[in-house]
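> In the numbering used here, the protein residues as written are 98 to 253.
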């Protein structure tokens with residue numbers, strides 16, 4: 098009987114501990130980054146905020162982790178806006194989600210004239226089920242740049 102009780106207690110401690118670790122990892126994966134990081138960091142796409150600069154723009158499709166760099170370093174893209182879906186909204190479908198995010202993305206006239214393009218990231222259906230309700234607008238210049246996009250509000 099002691100063996101069974103010991104196994105049950107050990108199992109409860111292991112399961113409880115793994116739940117704490119899982120919660121800590123989930124919180125770390127979704128904690129927003131500062132708008133301009135001080136050193137390169139690998140981050141989950143859901144951690145990006147307006148101002149985040151990406152070393153490389155990942156290929157089209159589902160985005161997981163990306164390399165975020167200080168905007169003073171060369172980068173291929175920058176988050177210039179965020180779109181928040183209603184927390185209680187029903188899944189609109191992938192195309193509709195991208196369209197809603199795209200309508201919120203605005204470049205300056207200078208950026209548009211310079212050939213800067215907008216790329217949108219919207220939640221996937223799986224992400225939506227997990228509570229992701231954020232879309233991102235990314236400015237992608239024709240060539241990598243240093244510095245911040247003029248579409249990003251400047252502090253000061």
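All C-beta atoms, glycine included, are put in the ideal place defined by N, C-alpha and C. Please read these numbers as outputs of a predicted model, since none were measured by experiment.
So residue 178 packs on residue 202, CB below 8 Å; how close in whole Å?
Contact holds; Cβ gap of about 6 Å.
> Taking DSSP's pairing of strands, which residues face residue 179 in a bridge?
Per DSSP, 233.
> Using CA atoms only, rank isn't needed, just tell me which of 246, 240, 238, 219 is closest to residue 142.
Among 246, 240, 238, 219, the Cα nearest to that of residue 142 belongs to 219.
> Quick one: Cα of residue 157 to Cα of residue 190, how far?
Taking the straight line from one Cα to the other gives about 17 Å.
> Give me the Cβ distance between residue 164 and residue 133, rounded to the nearest whole Å; I'm assuming they're in contact under 8 Å.
Not a contact, Cβ separation roughly 14 Å.
> What is the rounded straight-line gap between the Cα of residue 256 and the Cα of residue 130?
Lying before the first or after the last residue shown, residue 256 is absent from the chain, which here runs from 98 to 253.
> Out of curiosity, what's the CA-to-CA distance linking residue 246 and residue 226?
About 32 Å.
> With respect to 7 Å, is the separation between the Cβ of residue 131 and the closest non-hydrogen atom of the ligand GDP below this value?
Annotation note on the ligand GDP: not contained in the displayed structure, which lists no ligands.
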